[in-house]
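Trainee:
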Amino acid sequence: MRAAPLVLRDGDREILQAWIRSTTMKSGLVLRARIITLAADGVAHAEIARRFDISRQTVINWRSRYQTHGIDGLHDEHRSGRPRTLDRDKLITTTLTPPPRKYGVTHWSSRLLADHLGIAHGTVSKVWSEYGVQPWRAETFKFSTDPELAGKVTDIVGLYLNPPENAIVLCVDEKSRAPRGADESRAGGGARRRSS
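Each residue of the sequence shown is one higher than the last, beginning at 19 in the numbering used here.
(1) Answer yes or no: do R81 and I53 have a C-beta to C-beta separation smaller than 9 Å?
(2) Mind the definition here: the stretch 79 to 95 touches the stretch 104 to 120 only if three or more C-beta pairs lie below 8 Å; say whether that holds.
(3) Would you tell me roughly how many angstroms separate the C-alpha atoms of Q152 and Q35, rounded to the nearest one?
(4) Please report the straight-line C-alpha distance between L24 and S127, rounded to a whole angstrom.
(5) Between W154 and H125, is the Cβ-Cβ spacing less than 9 Å?
(6) When you compare each of T172, G140, G60, H139 to I110 by their alpha carbons, which one comes out closest?
(7) Quick one: Cα of V123 to Cα of L130, how far?
(8) So, A132 versus H63, is the Cβ gap smaller than 9 Å?
(9) Do the CB positions of Y84 and A67 come within less than 9 Å of each other?
(10) Between the beta-carbon of L47 and the beta-carbon of W37, is there less than 9 Å?
(11) Determine the extent of the alpha helix (DSSP H) in which S73 is found, giving its start and end residues.
(12) What does a CB cutoff of less than 8 Å around E166 pick up in its chain, not counting 5 residues either side in sequence?
(13) On a Cα-Cα basis, can you pick out the residue from V142, A51, D164 that is closest to I89?
(14) Whose C-alpha, out of S40, I33, Y121, K44, is nearest the C-alpha of T55?
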């Protein structure tokens with residue numbers, strides 16, 4: 019059974035068309051605008067669902083929200099409950115600290131750290147990616163003992179993500195160089211052959 023075309027309120031078609039053409043509108047609102055305009059054109063719920071690879075029930079829900087609340091009903095509702103919080107400093111600080119001996123590992127995995135902190139491993143992976151942390155790369159990864167590391171990392175990442183205008187950032191490498199071995203200090207340098 020085909021639903022009757024949705025009757026739009028005065029001026030709403032123009033608003034919905036503007037949302038659809040917008041390059042800055044959230045994709046969820048654009049999808050909802052498309053659903054409502056197609057419903058107003060008399061397109062069946064099943065066909066709208068097929069076009070956008072969504073469920074028929076989703077089409078019915080958005081149509082109902084529009085009928086009840088108009089354009090305002092297409093915006094996301096405020097969700098109840100306490101907003102989720104993530105202590106990124108604690109996550110990074112813990113990542114940069116060797117795991118407790120009871121785990122029997124030399125570095126954290128996202129799943130192990132997530133279990134340790136009581137959060138989702140996908141969250142750990144996302145934060146590691148944002149901060150460029152790769153504890154499994156033993157040849158390049160060193161645990162820091164600096165208690166202020168998390169704040170410093172946050173400051174540096176902040177500079178990259180939102181640099182102040184006309185900013186100049188200088189970097190000083192504070193680690194000392196390891197003394198060169200006898201092979202490297204030989205006169206002439208050049209390529210060396212390894213003996214096997």
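Think of the CB as a built atom: it goes at the ideal place given N, C-alpha and C, for glycine as much as any other residue.
Mentor: Reading from the atomic positions:
(1) Residue 81 sits at position 63 when you count from the first residue of the sequence shown. Residue 53 sits at position 35 when you count from the first residue of the sequence shown. The answer is yes: Cβ separation under 9 Å.
(2) no
(3) On the sequence shown, position 134 is the one that residue 152 refers to. On the sequence shown, position 17 is the one that residue 35 refers to. In a straight line, the C-alpha of Q152 is about 45 Å away from that of Q35.
(4) By 1-based counting over the sequence shown, the position of residue 24 is 6. By 1-based counting over the sequence shown, the position of residue 127 is 109. Approximately 52 Å between the Cα atoms of the pair.
(5) On the sequence shown, position 136 is the one that residue 154 refers to. On the sequence shown, position 107 is the one that residue 125 refers to. Going by C-beta atoms, W154 is nearer than 9 Å to H125.
(6) What you label residue 110 is simply residue 92 of the sequence shown in a count that begins at 1. For the residues T172, G140, G60, H139, the minimum Cα distance to I110 belongs to T172.
(7) Counted from its first residue, the sequence shown places residue 123 at position 105. Counted from its first residue, the sequence shown places residue 130 at position 112. V123 and L130: Cα-Cα distance of roughly 10 Å.
(8) In the sequence shown, counting from the first residue as 1, residue 132 sits at position 114. In the sequence shown, counting from the first residue as 1, residue 63 sits at position 45. Cβ distance not < 9 Å, so A132 and H63 don't count as in contact.
(9) Within the sequence shown, numbered from 1, the residue matching residue 84 stands at position 66. Within the sequence shown, numbered from 1, the residue matching residue 67 stands at position 49. Not closer than 9 Å, so no.
(10) As a first step, residue 47 is located in the sequence shown; it is residue number 29 there, counting from the start. As a first step, residue 37 is located in the sequence shown; it is residue number 19 there, counting from the start. Yes, the Cβ-Cβ distance between L47 and W37 is below 9 Å.
(11) For the purposes of this step, residue 73 is identified with residue 55 of the sequence shown, where counting begins at 1. Careful: S73 lies outside any alpha helix (DSSP H) and carries neither H nor E.
(12) Here the question's residue 166 lines up with position 148 in the sequence shown. None.
(13) Working through the sequence shown from its first residue, we reach residue 89 at position 71. Residue A51 is the option with its Cα nearest to I89.
(14) What you label residue 55 is simply residue 37 of the sequence shown in a count that begins at 1. Checking every option, the nearest Cα to that of T55 belongs to I33.
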